[in-house]
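J.: Just add 714 to wherever you are in the sequence shown, counting from 1, and you've got the working numbering.
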Amino acid sequence: MKELMEYEAQEKKRYEINLTHLSKGVKFIDIKAAYIEDSVIIGKGTILYPGVVIEGNTVIGENCVIGQNSRIVNSTIGDETEIQCSVILDSQVGNNTSIGPFAYLRPNSKLGDHVKVGDFVEVKNSSMGNGSKASHLTYVGDSDIGENVNLGCGVVFVNYDGKNKHRSVVEDGSFIGCNVNIVSPVTVHEGAYVAAGTTVTKNVPKGALCVGRAKDKIIEGWVERRGLLNKKK
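Given below as C-alpha coordinates:
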(Lines of atoms letter the chains of each structure in order from A; the text may use other names.)
(Lines give C-alpha, C1' and ligand atoms only; values in the text may rest on other atoms or scores of the structure.)
Protein backbone atom coordinates (compact mmCIF):
# COMPACT_ATOMS: atom_id res chain seq x y z
CA MET A 715 0.00 0.00 0.00
CA LYS A 716 2.85 2.41 0.84
CA GLU A 717 4.48 1.80 -2.52
CA LEU A 718 1.21 2.44 -4.31
CA MET A 719 0.71 5.73 -2.49
CA GLU A 720 4.25 6.83 -3.38
CA TYR A 721 3.66 5.91 -7.02
CA GLU A 722 0.40 7.84 -7.13
CA ALA A 723 2.10 10.88 -5.58
CA GLN A 724 4.85 10.73 -8.20
CA GLU A 725 2.28 10.44 -10.98
CA LYS A 726 0.40 13.44 -9.65
CA LYS A 727 3.57 15.54 -9.44
CA ARG A 728 4.62 14.55 -12.97
CA TYR A 729 1.21 15.47 -14.32
CA GLU A 730 1.34 18.84 -12.56
CA ILE A 731 4.76 19.55 -14.11
CA ASN A 732 3.38 18.73 -17.55
CA LEU A 733 0.35 20.95 -17.00
CA THR A 734 2.69 23.82 -16.10
CA HIS A 735 4.54 23.39 -19.39
CA LEU A 736 1.21 23.14 -21.23
CA SER A 737 0.15 26.48 -19.75
CA LYS A 738 3.37 28.02 -21.11
CA GLY A 739 2.71 26.93 -24.68
CA VAL A 740 4.35 23.50 -24.83
CA LYS A 741 2.36 20.98 -26.87
CA PHE A 742 1.89 17.32 -25.92
CA ILE A 743 0.71 14.48 -28.12
CA ASP A 744 -0.14 12.64 -24.89
CA ILE A 745 0.35 14.70 -21.76
CA LYS A 746 0.35 11.61 -19.56
CA ALA A 747 3.18 9.96 -21.50
CA ALA A 748 5.94 12.56 -21.07
CA TYR A 749 8.44 12.39 -18.21
CA ILE A 750 9.88 15.82 -17.35
CA GLU A 751 11.82 16.77 -14.24
CA ASP A 752 10.84 20.04 -12.56
CA SER A 753 14.25 21.60 -13.32
CA VAL A 754 13.64 21.50 -17.09
CA ILE A 755 12.84 24.61 -19.16
CA ILE A 756 10.96 24.23 -22.48
CA GLY A 757 10.10 27.02 -24.93
CA LYS A 758 6.63 27.65 -26.29
CA GLY A 759 5.54 25.90 -29.44
CA THR A 760 7.72 22.86 -28.79
CA ILE A 761 5.95 19.54 -29.38
CA LEU A 762 6.62 16.52 -27.17
CA TYR A 763 5.73 13.05 -28.40
CA PRO A 764 4.94 10.07 -26.14
CA GLY A 765 7.75 8.41 -24.22
CA VAL A 766 9.95 11.52 -24.02
CA VAL A 767 12.22 11.70 -20.96
CA ILE A 768 13.81 15.08 -20.15
CA GLU A 769 16.04 15.35 -17.10
CA GLY A 770 18.35 17.60 -15.12
CA ASN A 771 19.32 21.12 -16.15
CA THR A 772 17.97 20.81 -19.67
CA VAL A 773 16.83 23.86 -21.64
CA ILE A 774 14.87 23.34 -24.88
CA GLY A 775 14.13 26.25 -27.18
CA GLU A 776 10.96 27.27 -28.98
CA ASN A 777 9.15 25.42 -31.78
CA CYS A 778 11.17 22.22 -31.45
CA VAL A 779 9.95 18.69 -32.11
CA ILE A 780 11.04 16.07 -29.58
CA GLY A 781 10.08 12.73 -31.07
CA GLN A 782 8.90 9.63 -29.30
CA ASN A 783 11.21 7.78 -26.90
CA SER A 784 13.90 10.48 -26.91
CA ARG A 785 15.93 11.10 -23.77
CA ILE A 786 17.63 14.43 -23.06
CA VAL A 787 19.77 14.99 -19.95
CA ASN A 788 21.57 18.19 -18.82
CA SER A 789 21.61 19.58 -22.35
CA THR A 790 20.77 22.78 -24.21
CA ILE A 791 18.69 22.59 -27.39
CA GLY A 792 18.21 25.61 -29.66
CA ASP A 793 15.08 26.81 -31.43
CA GLU A 794 13.29 24.91 -34.22
CA THR A 795 15.39 21.80 -33.76
CA GLU A 796 13.99 18.30 -34.36
CA ILE A 797 15.06 15.26 -32.36
CA GLN A 798 13.73 11.84 -33.27
CA CYS A 799 14.14 8.71 -31.10
CA SER A 800 17.58 9.75 -29.84
CA VAL A 801 19.64 10.16 -26.67
CA ILE A 802 21.42 13.42 -25.80
CA LEU A 803 23.61 13.65 -22.69
CA ASP A 804 25.41 16.74 -21.34
CA SER A 805 25.61 18.37 -24.78
CA GLN A 806 24.68 21.49 -26.74
CA VAL A 807 22.60 21.58 -29.91
CA GLY A 808 22.04 24.68 -32.04
CA ASN A 809 19.07 26.06 -33.94
CA ASN A 810 17.32 24.41 -36.90
CA THR A 811 19.29 21.21 -36.37
CA SER A 812 18.08 17.67 -37.06
CA ILE A 813 19.01 14.71 -34.86
CA GLY A 814 18.09 11.06 -35.36
CA PRO A 815 16.36 8.78 -35.50
CA PHE A 816 18.54 6.59 -33.27
CA ALA A 817 21.39 9.07 -32.82
CA TYR A 818 23.50 9.23 -29.66
CA LEU A 819 25.14 12.43 -28.42
CA ARG A 820 27.48 11.55 -25.59
CA PRO A 821 28.82 14.11 -23.09
CA ASN A 822 30.59 17.26 -24.26
CA SER A 823 29.21 17.24 -27.78
CA LYS A 824 28.47 20.59 -29.37
CA LEU A 825 26.47 20.99 -32.58
CA GLY A 826 26.00 24.29 -34.39
CA ASP A 827 23.04 25.56 -36.40
CA HIS A 828 21.56 23.72 -39.41
CA VAL A 829 23.52 20.57 -38.52
CA LYS A 830 22.30 17.08 -39.37
CA VAL A 831 23.18 14.08 -37.21
CA GLY A 832 21.21 11.22 -38.70
CA ASP A 833 20.36 7.63 -37.98
CA PHE A 834 22.85 5.55 -36.03
CA VAL A 835 25.34 8.40 -35.71
CA GLU A 836 27.30 8.70 -32.47
CA VAL A 837 29.06 11.90 -31.41
CA LYS A 838 31.34 12.00 -28.36
CA ASN A 839 33.36 14.90 -26.96
CA SER A 840 33.28 16.57 -30.36
CA SER A 841 32.02 19.66 -32.13
CA MET A 842 30.30 20.11 -35.48
CA GLY A 843 30.09 23.56 -37.04
CA ASN A 844 27.14 25.22 -38.75
CA GLY A 845 25.78 23.38 -41.76
CA SER A 846 27.77 20.17 -41.29
CA LYS A 847 26.21 16.74 -41.85
CA ALA A 848 26.70 13.18 -40.71
CA SER A 849 23.61 11.57 -42.14
CA HIS A 850 24.02 7.94 -41.10
CA LEU A 851 26.18 5.21 -39.57
CA THR A 852 29.09 7.39 -38.46
CA TYR A 853 31.18 7.74 -35.30
CA VAL A 854 32.63 11.15 -34.45
CA GLY A 855 34.83 10.86 -31.37
CA ASP A 856 37.22 13.43 -29.89
CA SER A 857 37.18 15.58 -33.02
CA ASP A 858 36.39 19.09 -34.21
CA ILE A 859 34.39 19.34 -37.42
CA GLY A 860 34.24 22.73 -39.14
CA GLU A 861 31.37 24.34 -41.00
CA ASN A 862 29.67 22.85 -44.09
CA VAL A 863 31.51 19.54 -43.81
CA ASN A 864 29.98 16.36 -45.22
CA LEU A 865 30.72 13.10 -43.41
CA GLY A 866 29.63 10.15 -45.54
CA CYS A 867 28.08 6.89 -44.42
CA GLY A 868 30.36 4.68 -42.35
CA VAL A 869 32.97 7.30 -41.43
CA VAL A 870 34.87 6.43 -38.25
CA PHE A 871 37.19 8.70 -36.28
CA VAL A 872 39.71 6.24 -34.87
CA ASN A 873 40.50 8.13 -31.69
CA TYR A 874 41.92 5.43 -29.41
CA ASP A 875 45.29 3.69 -29.85
CA GLY A 876 44.78 1.24 -27.00
CA LYS A 877 46.36 3.54 -24.43
CA ASN A 878 45.53 7.18 -25.21
CA LYS A 879 42.74 9.15 -26.87
CA HIS A 880 43.73 11.46 -29.73
CA ARG A 881 41.92 14.34 -31.42
CA SER A 882 41.40 15.13 -35.11
CA VAL A 883 40.25 18.22 -37.01
CA VAL A 884 38.25 18.47 -40.23
CA GLU A 885 38.22 22.05 -41.46
CA ASP A 886 35.46 24.02 -43.21
CA GLY A 887 34.06 22.82 -46.50
CA SER A 888 35.76 19.43 -46.51
CA PHE A 889 34.16 16.28 -47.90
CA ILE A 890 34.73 12.90 -46.27
CA GLY A 891 33.54 9.98 -48.41
CA CYS A 892 31.85 6.78 -47.29
CA ASN A 893 33.68 4.14 -45.23
CA VAL A 894 36.61 6.39 -44.37
CA ASN A 895 38.76 5.80 -41.29
CA ILE A 896 40.40 8.92 -39.88
CA VAL A 897 43.20 7.71 -37.61
CA SER A 898 43.75 10.44 -35.04
CA PRO A 899 45.54 12.74 -34.62
CA VAL A 900 45.26 14.17 -38.14
CA THR A 901 43.97 17.37 -39.73
CA VAL A 902 41.96 17.47 -42.93
CA HIS A 903 42.47 21.04 -44.06
CA GLU A 904 39.92 23.40 -45.56
CA GLY A 905 38.14 22.26 -48.71
CA ALA A 906 39.94 18.91 -48.93
CA TYR A 907 38.30 15.72 -50.22
CA VAL A 908 38.85 12.21 -48.87
CA ALA A 909 37.79 9.45 -51.25
CA ALA A 910 35.50 6.63 -50.17
CA GLY A 911 37.22 3.66 -48.57
CA THR A 912 40.33 5.61 -47.56
CA THR A 913 42.23 5.27 -44.29
CA VAL A 914 43.71 8.67 -43.41
CA THR A 915 46.90 8.53 -41.32
CA LYS A 916 48.48 11.89 -42.12
CA ASN A 917 47.36 15.47 -42.62
CA VAL A 918 45.51 16.32 -45.84
CA PRO A 919 46.49 19.73 -47.33
CA LYS A 920 43.97 22.42 -48.20
CA GLY A 921 42.04 21.61 -51.37
CA ALA A 922 43.77 18.24 -51.85
CA LEU A 923 42.30 14.83 -52.63
CA CYS A 924 43.32 11.95 -50.36
CA VAL A 925 42.91 8.44 -51.82
CA GLY A 926 44.13 5.41 -49.90
CA ARG A 927 42.69 2.22 -51.37
CA ALA A 928 43.72 -0.60 -53.70
CA LYS A 929 42.74 -0.37 -57.37
CA ASP A 930 39.89 -2.54 -58.64
CA LYS A 931 40.83 -5.79 -60.35
CA ILE A 932 38.26 -7.36 -62.68
CA ILE A 933 38.67 -11.02 -63.72
CA GLU A 934 36.52 -11.73 -66.76
CA GLY A 935 34.74 -15.09 -66.91
CA TRP A 936 35.56 -16.00 -63.29
CA VAL A 937 31.98 -16.95 -62.36
CA GLU A 938 31.54 -19.29 -65.31
CA ARG A 939 34.90 -21.01 -64.77
CA ARG A 940 33.99 -21.65 -61.14
CA GLY A 941 30.73 -23.26 -62.19
CA LEU A 942 28.70 -20.71 -60.25
CA LEU A 943 26.59 -19.44 -63.15
CA ASN A 944 22.89 -20.24 -62.55
CA LYS A 945 23.88 -22.54 -59.72
CA LYS A 946 20.86 -24.05 -58.00
CA LYS A 947 20.43 -23.41 -54.30
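Don't be surprised by glycine CBs; every beta carbon is placed ideally from N, CA and C.
Along the chain, where does the beta strand (DSSP E) containing A848 start, and where does it finish?
T.: Numbered from 1 along the sequence shown, position 134 holds the residue referred to as residue 848. Residues K847 to H850.
J.: I'd like to check one pair, T795 with V787: are the Cβ atoms closer than 8 Å?
T.: Taking the sequence shown and counting its residues from 1, the one referred to as residue 787 is at position 73. Taking the sequence shown and counting its residues from 1, the one referred to as residue 795 is at position 81. No.
J.: Would you mind reading off the limits of the beta strand (DSSP E) that contains S857?
T.: By 1-based counting over the sequence shown, the position of residue 857 is 143. Element bounds for S857: S857 to I859.
J.: Cβ atoms of V829 and H852: under 8 Å apart, would you say?
T.: Counting from one through the sequence shown, the residue named residue 852 turns up at place 138. Counting from one through the sequence shown, the residue named residue 829 turns up at place 115. Looking at the sequence provided, one finds Thr at residue 852 rather than His. For T852 and V829, no; Cβs fall outside 8 Å.
J.: As an exercise, report each continuous beta strand (DSSP E) stretch of at least 3 residues that is fully enclosed by the region 901-938, in chain order.
T.: Fully enclosed beta strand (DSSP E) runs of 3 or longer: not present.
J.: Beta strand (DSSP E) containing I768: first to last residue?
T.: As a first step, residue 768 must be located in the sequence shown, where it is residue number 54. V767 to E769 is the extent of the beta strand (DSSP E) around I768.
J.: Taking contact to mean at least 3 C-beta pairs separated by less than 8 Å, is the region 931-940 in contact with the region 902-912?
T.: These segments do not touch.
J.: List, from N- to C-terminal side, the beta strand (DSSP E) runs of 3 residues or more that fit wholly inside the region 718-806.
T.: Here the runs fully enclosed are 767-769, 785-787 and 801-803.
J.: Residues in the same chain with beta-carbon distance under 8 Å from Y729, minus the five sequence neighbours each way, listed in chain order, please.
T.: In the sequence shown, the residue the question calls residue 729 occupies position 15. Within the same chain, Y729 has close Cβ partners I745 and K746.
J.: Using the beta-carbon count (16 or more within 10 Å), is Q798 buried or exposed?
T.: If you number the sequence shown from 1, residue 798 lands on position 84. Buried.
J.: Leaving out the 5 sequence neighbours to the left and right, which residues in its chain are closer than 8 Å to V902 when beta-carbon positions are compared?
T.: Sequence index remark: in the sequence shown, residue 902 carries index 188 (1-based). Excluding sequence neighbours, V902 sits near S882, V883, V884, E885, S888, I890, I896, V908, V914, N917, V918 and C924.
J.: Would you mind sorting V693 into buried or exposed? The rule is 16 or more other CB atoms within 10 Å of its CB.
T.: An answer regarding residue 693 cannot be provided, because it is not within the stretch 715 to 947 covered by the chain.
J.: Hey, would you say N862 sits closer than 8 Å to S846, going by beta carbons?
T.: The residue given as residue 862 occupies position 148 in the sequence shown. The residue given as residue 846 occupies position 132 in the sequence shown. Yes, the Cβ-Cβ distance between N862 and S846 is below 8 Å.
J.: Which partner residues of K838 appear in the DSSP bridge assignment?
T.: Locating residue 838 in the sequence shown gives position 124, counting from the first residue. Answer by DSSP bridge pairing, in chain order: G855.
J.: V869: which of I750, G832 and N878 sits nearest, CA to CA?
T.: Here residue 869 is taken as the residue at index 155 of the sequence shown, counted from 1. Considering only alpha carbons, the answer is G832.
J.: At the level of alpha carbons, what is the spacing between N732 and T772?
T.: Within the sequence shown, the letter at position 18 stands for residue 732. Within the sequence shown, the letter at position 58 stands for residue 772. Roughly 15 Å between the two C-alpha positions.
J.: If I'm right that S789 touches V766 with Cβ under 8 Å, what's the distance once you round it to whole angstroms?
T.: Locating residue 789 in the sequence shown gives position 75, where the first residue counts as 1. Locating residue 766 in the sequence shown gives position 52, where the first residue counts as 1. At roughly 13 Å, the Cβ-Cβ gap does not stay under 8 Å, so S789 and V766 are not in contact.
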